[in-house]
Amino acid sequence: MTVRLNLRTLFLDHSAALGGAELYLLDLAPAFAPPGEVLLLEEGPFYEKLRAAGIPADVIAAPEAVRRVAREAGPFRALRAVPGLLRLAWRVARKARAFDLIYANSQKALVVGSLAAQMARRPLVWNLHDVLTTEHFSAMNIRLAVTLANRFARLVIANSEASKAAFLEAGGRVPVVVVHNGIDVERFAAVDSEQVVALRQKLGLRDGPVVGLFSRLAPWKGQHVLLEALAELPDVQAILVGEALFQDEQLYAEQLRKRAAQPDLEGRVHFLGFRDDVPELMQLVDVVVHTSVAPEPFGRVIVEGMLARRPVIATRGGGAVEIVRDGETGLLVPPGDVQALVAAIRHLLEHPDLARRLAEAAYRDARLRFSLKTMRRKVRQALVEVVARER
Ligand code: UDP
Ligand code: GLC
77 MTVRLNLRTL FLDHSAALGG AELYLLDLAP AFAPPGEVLL LEEGPFYEKL RAAGIPADVI
137 AAPEAVRRVA REAGPFRALR AVPGLLRLAW RVARKARAFD LIYANSQKAL VVGSLAAQMA
197 RRPLVWNLHD VLTTEHFSAM NIRLAVTLAN RFARLVIANS EASKAAFLEA GGRVPVVVVH
257 NGIDVERFAA VDSEQVVALR QKLGLRDGPV VGLFSRLAPW KGQHVLLEAL AELPDVQAIL
317 VGEALFQDEQ LYAEQLRKRA AQPDLEGRVH FLGFRDDVPE LMQLVDVVVH TSVAPEPFGR
377 VIVEGMLARR PVIATRGGGA VEIVRDGETG LLVPPGDVQA LVAAIRHLLE HPDLARRLAE
437 AAYRDARLRF SLKTMRRKVR QALVEVVARE R
């Protein structure tokens with residue numbers, strides 16, 4: 077039964093960078109805000125995008141000591157952040173009193189949101205966008221997230237079965253529902269082909285096949301695997317779309333650029349940085365590749381490649397296996413396996429009919445299974461139940 081209720085949701089996200097979790101929220105929030113609102117703990121491009129989309133948004137900047145508590149921070153640094161954290165939570169709590177619930181959209185938001193929810197006496201929901209294993213996080217970090225969720229969250233919304241399973245495996249005991257990201261199909265349908273030809277010229281691409289990798293530059297996203305694969309595919313060019321978003325990713329980005337400048341790859345790898353025109357860029361590649369070497373929590377770019385009607389190659393693991401049916405709606409390769417990636421790219425380039433068939437099947441499947449409408453409906457239903465139980 078659908079309960080009608082005017083939900084006032086306060087979405088909380090610590091980051092104003094444009095990561096996948098923030099782009100998800102940008103797609104989710106219009107269904108809730110107003111009367112809901114998005115509250116960020118720093119200023120940045122995500123805040124600008126929310127405002128441009130007409131979504132009520134606000135910033136309460138986290139103090140420096142809180143911002144510096146990184147993924148691998150030790151107990152001493154964490155302790156020093158406590159006074160600032162309490163003050164921050166108090167300010168969030170004052171705001172939260174005007175809302176029915178707090179929706180934490182990141183792990184740091186879970187920390188602040190847990191305290192704020194207690195102070196404001198509002199229910200807390202956590203949207204888990206990560207696979208909580210030691211491949212991705214420190215053991216202490218996982219413990220903290222799971223403990224807070226168990227103690228303070230009424231519900232966890234996981235972005236995939238994989239994220240849910242890792243949470244339960246790590247000791248999660250709160251009810252969990254899985255809601256996959258929905259992607260705006262219209263954005264991918266609206267691409268004009270002349271624009272794509274012009275874009276190809278502007279980027280200085282030569283004739284011949286092009287593969288595209290659309291991810292922030294980070295070791296676990298595995299761009300290095302694609303570079304090694306390209307070394308064995310001398311006719312293939314690549315566009316790498318995305319930038320290093322977080323502190324520890326800069327060094328990796330430099331290493332990639334150095335590798336791409338070596339004679340066997342020189343002139344074939346184009347680093348485009350962060351782009352707002354992913355749908356257009358996807359149209360100009362022959363294959364969309366996803367190369368994460370650790371399980372991808374969900375993988376928006378995989379669905380986007382499918383909606384762009386491109387054949388997709390993704391690494392087996394995490395959310396990718398919930399998205400792609402190997403050999404039917406794309407190809408799956410083992411993570412970190414250069415030879416398997418070379419073979420898969422070659423196979424698609426040498427068999428354009430197969431590539432087209434996979435892409436068409438993928439497009440139809442993605443439209444059905446990853447719509448904005450379904451995502452928004454599932455989240456609404458989950459939140460309504462949380463609030464209804466509270467009353
Ligand atoms: N993206 C973008 N511009 C870029 C690179 C990526 O807009 O230059 C988008 C991409 O289209 C996708 C998101 O960033 O929607 C990345 O989400 P994903 O779930 O694939 O990975 P995450 O970075 O969240 O781990
Ligand atoms: C995270 C994950 C990514 C997922 C996104 C949206 O950033 O790394 O796999 O698609 O959140 O849920």
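In our numbering, the protein residues as written are 77 to 467. Glycine is no exception: its CB is placed at the ideal position from the N, C-alpha and C atoms. Just so we're clear, the structure is a prediction, and the values are computed from it rather than from any experiment.
The alpha helix (DSSP H) enclosing residue i, as first and last residue numbers
i      : result
Glu113 : Per DSSP, Glu113 belongs to no alpha helix (DSSP H); it is in the beta strand (DSSP E), 113 to 116.
Gly71  : What the structure shows of the chain is the stretch from 77 to 467, and residue 71 is not part of that stretch, so it cannot be assessed.
Gly160 : 158 to 172
Leu126 : 121 to 128
His366 : Note, His366: premise wrong, no alpha helix (DSSP H); not H, not E.
Asp429 : 428 to 445
Leu94  : Careful: Leu94 lies outside any alpha helix (DSSP H) and carries neither H nor E.
Ala336 : 326 to 336
Val142 : 140 to 143
Leu448 : 448 to 466
Leu341 : No alpha helix (DSSP H) holds Leu341; DSSP gives it neither H nor E.
Residue i: CB within 7 Å of a non-hydrogen atom of the ligand GLC
i      : result
Arg376 : yes
Gly318 : no
Tyr328 : no
Gly96  : yes
His205 : yes
Pro373 : yes
Asn257 : yes
Gly395 : yes
Glu217 : A quick correction: the sequence has Asn, not Glu, at residue 217. It does not: the Cβ of Asn217 is nowhere closer than 7 Å to a heavy atom of the ligand GLC.
Asn82  : no
Asn181 : no
Asn226 : no
Endpoints, the beta strand (DSSP E) within which residue i is located
i      : result
Asp89  : 85 to 89
Gln313 : 313 to 317
Ile233 : 229 to 234
Phe264 : It is not in any beta strand (DSSP E) - Phe264 instead sits in the alpha helix (DSSP H) that spans 261 to 265.
Val254 : 252 to 254
heavy atom of the ligand UDP below 7 Å from residue i C-beta
i      : result
Leu99  : yes
Phe264 : no
Val361 : no
Ser91  : no
Glu356 : no
Arg292 : yes
Glu436 : no
Phe350 : yes
Glu342 : no
Phe119 : Per the sequence presented here, residue 119 reads as Glu, with Phe not at that position. False, no ligand heavy atom lies under 7 Å from that Cβ.
Glu211 : no
Glu380 : yes
Nonlocal neighbours in the same chain, by C-beta distance under 6 Å from residue i, ignoring five residues either side
i      : result
Gly288 : Ile315, Val361, Val364
Ser447 : Gly258
Val345 : Ala314, Ala336
Met77  : Any reading at Met77 must be qualified, since the residue scores a pLDDT of 45, below 50, and its modelled position is unreliable; no value is offered.
Arg263 : Pro355
Phe322 : none
Phe347 : Leu316
Val267 : Pro355, Glu356, Gln359
Arg386 : Met358, Val364, Ala435
Leu224 : Leu186, Ser190
Pro285 : Val312, Asp362, Leu425
Leu117 : His90, Ala138
Beta-carbon proximity list for residue i, same chain, < 8 Å, skipping 5 on both sides
i      : result
Val79  : Because the pLDDT of Val79 is 46, which lies under 50, any placement of that residue in the model is unreliable, and the question is left without a value.
Ala458 : Val201, Leu231, Ile233, Val253, Val255
Lys449 : Gly258
Leu309 : Val418, Ile421, Arg422
Arg376 : Gly96, Leu99, Tyr100, Asn257, Ile259
Contact set for residue i: own chain, Cβ-Cβ below 7 Å, skip 5 residues either direction
i      : result
Val354 : Phe290, Val317, Glu380
Asp402 : Leu408
Ala307 : Asp340, Leu341
Tyr439 : Met382, Leu383, Arg385
Ala196 : Ala169, Ala172, Arg173
Ser368 : Trp296, Lys297, Gly298, Thr391, Pro411
Val272 : Glu356, Gln359, Leu360
Asn181 : Phe87, Leu88, Asp89, Ala97, Leu101, Asn203
Val455 : Leu104, Ile233, Val255
Ala416 : Val409, Pro410
Problem - Length-filtered (4 minimum) alpha helix (DSSP H) runs lying within the segment 376 to 403 - result: 376 to 383, 396 to 399
Practice task
Return the chain-ordered ranges of every beta strand (DSSP E) run that is complete within the segment 173 to 233 and spans a minimum of 3 residues.
Solution key: Those beta strand (DSSP E) runs which fall completely within the segment 173 to 233 and span 3+ residues are 177 to 180, 200 to 204.
Exercise for the section: Return the chain-ordered ranges of every alpha helix (DSSP H) run that is complete within the segment 269 to 324 and spans a minimum of 4 residues. Expected result: 269 to 278, 299 to 307
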